[in-house]
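J.: Count along the sequence shown from 1, then add 411; that gives the number in the numbering used here. One structure, as structure tokens, below. Some questions next.
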Amino acid sequence: MKAILTIFSILILSMSCSTVIKEVTQTDRTPASSIDYNAFRQKFFNAAHSSDPTFYLDGPYELDKEVVGRIYGGLSPYKFGTFTLSVDRSMGSPTDSVWIREAHYKLGDGNKVGMRLLPVVDIENRRDPYPPIGKTSDGKEIRGSEIVDEHLRKEYYGGTVNETNKDAPIFGLIAYYHPEKHKGDFKYMASNSNLKTENGMTHLGVYIGNGQTRNSPQNYHDNKWEVAASYGPGYPANIYSVKFKDVPPKVFNTNMLVTIRMMNEINGGPIFPGDYKFDHFRTVNLGETLAVLRAWVDNNWKRRSDDDKAHFESLQDNESYYTYCAEHMTIILNIALNLPQNEQGYTETYGRTNGPKLWKKAKMSYEKMFGEIPKVEYFKPLWKRLGYVKPTSARKTGTSLAWPPETTADLVANFISQYTRFVDVGPVLTTAAIMGFKDEVLKRMGVTTRTYLKHAIPIITEVFRHHGYYLSGKGDISDNKSYFGYLAMSKKGLAKVLKDLPPLAQQQFIAQMIGPLENQNAMKMTLRKKLEKNVAYNLFRIAIKNNIKKARAEKIKVAVDDQEWDKYVQFYSPPAIVHRVINGLHPYNKYIQITPVGTAIDAKEVIYNPNVSGIREYKE
């Protein structure tokens, strides 16, 4: 239990999800019989906890059992991309283990969940001719990244590759994943090296076609995939397309590629922070994001006339402006959504006086390094669609960005949603996980224990309330006696979680957590609800929406520049952010569409099965 109570003292950069859920029409007091379950399942679909336990593959490539077992620590191919959590039944868990599909995604238009394996062959170094030729483990010839490129072109340009789109621009956000971290208990998850607070994803880069990637640090992966097991386990990468509503993919992709090259290669590229675990994510609003682009293009620009130095100097010598991998890719995407790379785009964004001058500098810098700048047709930028008049002055957090930044409160909420849902592990272990985050939250935010409990206790009450709704649906709670018996057992479990506290404090906290459920009205509501598993959990997420909102709003002192107080962290954009967006765990802008395209994997780890096509069940 000590491992649980000290769990995740290492919430490094996974920093994840948001439980900001849009309202559904039903309230918590709506009888289960009136809930449209099919609509509800679609709205809150999460591949990690799909109600269909089948692992599906899409396409003719499948994993080589011998190679995968050897490279990924005995992992079965039929559990690739998943984590198996061992659970202690003595803490009230209904099962010995929970299977979590942490890197899986929806395939096609239905709700089938699994992976689309896209084999690649890496270049040995940048000077080698491309594409290289390699083979799958059973001898099928693979040329470089042609399979990935083909799938991205199909995704962006209508399902077929033909003469009109075979050279059209493509890109994909790429989240690298650790399949070898595939099983363990709570103690295992508490270890920094096992990456579960990061969803098993530790790097976010961008793919620009023809086997080339871009990253922060600028030279990371040597601008190639590096998914092969050259120095240890393999490092496959999920690939996600991004579309901008009402903007032709060719136009937005070209704009994205120009922005990528400008922000990733000019001026020596991004600078990676020394202490990325406590890095400041400063570009949380549109104004700050556009200031980075302006300084990057005009190295002499000062944000205020009386500033001692140009803003570009701050980007170079002030560590609070340095950018880790996912932070940098978030900045690039947000610039591309809000700034067409042409004179009209710069003029509208930066003004009639400054805009044309800045565009001229941008064009000159690009062409000096890369040759002629690709032509980008004008499109209506995101800020203009949202009604902004002066985007460079926009300071509202999260507005006109691809997704709002995450907070420490989101970290806790998302970890619970991914690994320790009460419908899977029982409410006592969920409570243990929530309480186990306390010390790390205090360290990150500088708040007091009292403040943490102020936010945690109401959420824990909802854990037990909605677990009761789920048990009533199963028939485990069916009458007055069984309901109050359930509460008695819950108190015993909570006493184990809080055993290190003084007896009086234990009693006080347990009363606060369970007290609201100890009356006839609460019992009647529980017996009436009768919710199925995933519906019960997602109604819980809705019920705590305002609690999370309040926790996110906690004011903390964030030290930047030369301030003297302790260094606390408020906002994040982690490597797993894109995967959390597609799984409904974090909100994103309504004008963009993010789609999982497949998983880039070293060709030597797969075999080719010419007898299958489309989506199929993957089993032994």
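Beta carbons are placed, not taken as given, at the ideal position from N, Cα and C, and that holds for glycine.
With distance defined between alpha-carbon atoms, name the residue in Gly-521, Leu-518, Gly-492 and Gly-1025 nearest to Trp-510.
T.: What you label residue 510 is simply residue 99 of the sequence shown in a count that begins at 1. When only C-alpha atoms are compared, the closest one is Gly-492.
J.: Closest to Ser-627 by C-alpha separation, out of Glu-724, Ile-742 and Tyr-567, would be which residue?
T.: Here residue 627 refers to the residue found at position 216 of the sequence shown. Comparing Cα positions, the closest option is Ile-742.
J.: Below 8 angstroms, can you find three or more Cβ-Cβ pairs linking the region 870–880 to the region 930–937?
T.: Contact holds: three or more Cβ-Cβ distances are below 8 angstroms.
J.: When you compare only the Cα positions, how much space is there between Val-787 and Gly-569?
T.: On the sequence shown, residue 787 is found 376 positions in, with the first residue counted as 1. On the sequence shown, residue 569 is found 158 positions in, with the first residue counted as 1. Between Val-787 and Gly-569, the C-alpha separation is close to 21 angstroms.
J.: Would you call the region 813–827 and the region 479–493 touching, i.e. three or more CB-CB distances under 8 angstroms?
T.: no
J.: Is Thr-506 helix, strand or coil by DSSP?
T.: The sequence position of residue 506 within the sequence shown is 95, counting from 1. In the structure shown, Thr-506 sits in coil (DSSP, three-state: anything other than H, G, I, E or B).
J.: Go ahead and label Val-800 buried or exposed: buried means 16 or more other beta carbons lie within 10 angstroms of its beta carbon, across all protein chains shown.
T.: For the purposes of this step, residue 800 is taken as residue 389 along the sequence shown, with counting starting at 1. By the 10 Å Cβ count, Val-800 comes out exposed.
J.: Write down the C-beta distance between Ile-671 and Ser-776 rounded to the nearest angstrom, noting that I regard them as a contact closer than 8 angstroms.
T.: Residue 671 sits at position 260 when you count from the first residue of the sequence shown. Residue 776 sits at position 365 when you count from the first residue of the sequence shown. 14 angstroms between Cβ atoms; not a contact.
J.: Should the region 751–758 be called in touch with the region 710–719, which here means at least 3 C-beta pairs below 8 angstroms?
T.: no
J.: By Cβ distance below 7 angstroms, which residues in the same chain neighbour Asn-1020 in space, the five residues on each side in sequence not counted?
T.: As a working mapping, residue 1020 is identified with position 609 in the sequence shown. Pro-471 and Glu-473, listed in sequence order.
J.: Measuring straight from C-alpha to C-alpha, what distance separates Ile-845 and Gln-981?
T.: Residue numbering aside, residue 845 sits at position 434 when the sequence shown is read from its first letter. Residue numbering aside, residue 981 sits at position 570 when the sequence shown is read from its first letter. One C-alpha to the other measures close to 19 angstroms.
J.: Just grab the DSSP bridge partners of Tyr-516 for me.
T.: As a first step, residue 516 is located in the sequence shown; it is residue number 105 there, counting from the start. The partner list for Tyr-516 (beta bridge, DSSP) reads Gly-525.
J.: Hey, could you find the ends of the beta strand (DSSP E) His-372 is sitting in?
T.: Because residue 372 is not part of the residues shown, which for the chain are 412 to 1031, the question remains open.
J.: Rounding to the nearest angstrom, what Cα-Cα distance links Asn-770 and Asp-718 in this structure?
T.: Here residue 770 refers to the residue found at position 359 of the sequence shown. Here residue 718 refers to the residue found at position 307 of the sequence shown. One detail in the question is off: residue 770 reads as Trp in this sequence, not Asn. Those two C-alpha atoms are separated by around 23 angstroms.
J.: Which of helix, strand or coil does DSSP assign to Gln-755?
T.: Counting from one through the sequence shown, the residue named residue 755 turns up at place 344. If DSSP states are grouped into helix, strand and coil, Gln-755 belongs with the helices.
J.: Could you tell me which residues DSSP pairs with Ile-511 in its beta bridges?
T.: Numbered from its first residue, the sequence shown carries residue 511 at position 100. Ile-511 is bridged to Phe-494.
J.: Residue range of the alpha helix (DSSP H) that Ser-883 falls in?
T.: To locate residue 883, count along the sequence shown from 1; it is residue 472. Looking at the DSSP string, the run of the alpha helix (DSSP H) that includes Ser-883 is 860–885.
J.: Quick check on DSSP: helix, strand or coil for Ser-627?
T.: As a position in the sequence shown, residue 627 is number 216, starting the count at 1. Coil at Ser-627, not helix or strand.
J.: Might you give, ordered along the chain, the residues of its own chain that have their beta carbon closer than 7 angstroms to the beta carbon of Asp-709, omitting 5 neighbours on each side?
T.: For the purposes of this step, residue 709 is identified with residue 298 of the sequence shown, where counting begins at 1. The answer, listed in chain order, is Leu-769 and Lys-772.
J.: May I ask which residues mark the beginning and end of the alpha helix (DSSP H) holding Ala-737?
T.: Sequence index remark: in the sequence shown, residue 737 carries index 326 (1-based). Note, Ala-737: alpha helix (DSSP H), 736–749.
J.: Give me the residue from Arg-705, Asp-469, Arg-512 and Arg-855 with the minimum Cα distance to Lys-490.
T.: Mapped onto the sequence shown, residue 490 falls at position 79. Per the Cα distances, Arg-512.
J.: Exposed or buried, Thr-700, counting other C-beta atoms within 10 Å across all chains shown (16 or more means buried)?
T.: On the sequence shown, position 289 is the one that residue 700 refers to. Buried, by the Cβ-count rule.
J.: Using 8 angstroms for Cβ pairs, my map puts Thr-803 next to Gly-680. What's the rounded Cβ distance?
T.: Counting from one through the sequence shown, the residue named residue 803 turns up at place 392. Counting from one through the sequence shown, the residue named residue 680 turns up at place 269. Incorrect: roughly 24 angstroms between the Cβ atoms, too far for contact.
J.: Return the bridge partner residues of Thr-1006 from the DSSP annotation.
T.: Along the sequence shown, read from residue 1 onward, the residue named residue 1006 stands at position 595. Answer by DSSP bridge pairing, in chain order: Ser-652.
J.: In three-state DSSP terms, what is Asp-560?
T.: Stepping through the sequence shown from its first residue, residue 560 is reached at position 149. In the structure shown, Asp-560 sits in a helix (DSSP, three-state: H, G or I).
J.: Could you check which residue in Met-612, Val-1017, Ala-987 and Thr-1006 has the C-alpha nearest to that of Leu-518?
T.: For the purposes of this step, residue 518 is taken as the residue at position 107 of the sequence shown. Of Met-612, Val-1017, Ala-987 and Thr-1006, the residue nearest in Cα terms is Thr-1006.
J.: Excluding the 5 residues flanking Glu-873 on each side, which residues of the same chain have their C-beta closer than 8 angstroms to its C-beta?
T.: Within the sequence shown, numbered from 1, the residue matching residue 873 stands at position 462. Only Phe-951, Ala-954, Ile-955 and Asn-958 meet the Cβ criterion.
J.: Can you tell me where the alpha helix (DSSP H) with Arg-832 in it begins and where it stops?
T.: Here the question's residue 832 lines up with position 421 in the sequence shown. No alpha helix (DSSP H) holds Arg-832; DSSP gives it neither H nor E.
J.: Buried or exposed: where does Met-900 fall if 16 or more other Cβ atoms within 10 Å of its Cβ makes it buried?
T.: As a position in the sequence shown, residue 900 is number 489, starting the count at 1. Under this definition Met-900 is an exposed residue.
J.: Within 10 angstroms of the Cβ of Ser-1024, are there 16 or more other Cβ atoms? Answer buried if so, exposed if not.
T.: Residue mapping note: residue 1024 aligns to position 613 of the sequence shown, counting from 1. That one is exposed.
J.: Return the CA-CA distance between Lys-399 and Phe-466, expressed in angstroms with no decimal places.
T.: Absent from the model: residue 399. The displayed extent of the chain is 412 to 1031, so no value can be given.
J.: So what's Ile-432 in DSSP terms, helix, strand or just coil?
T.: Translated into positions along the sequence shown, residue 432 becomes position 21. Interpretation of Ile-432 is limited by its pLDDT of 27, a score under 50 that renders its predicted location unreliable; no figure is taken from the coordinates.
J.: Should Leu-615 and Pro-998 be called a contact, given that it needs their Cβ atoms to be closer than 8 angstroms?
T.: As a first step, residue 615 is located in the sequence shown; it is residue number 204 there, counting from the start. As a first step, residue 998 is located in the sequence shown; it is residue number 587 there, counting from the start. No; because the gap between Cβ atoms is not below 8 angstroms, this pair is not in contact.
J.: Thinking C-alpha only, which one of Ala-514, Gly-550 and Arg-554 is nearest Asp-533?
T.: Counting from one through the sequence shown, the residue named residue 533 turns up at place 122. Cα-wise, what sits closest to Asp-533 is Arg-554.
J.: When DSSP labels each residue in this structure, what does Glu-1028 get in the three-state scheme?
T.: Indexing the sequence shown from 1 puts residue 1028 at position 617. Residue state, collapsed to three classes: strand.
J.: For Tyr-472, does the three-state DSSP call read helix, strand or coil?
T.: The residue given as residue 472 occupies position 61 in the sequence shown. Tyr-472 falls in the strand class under three-state DSSP.
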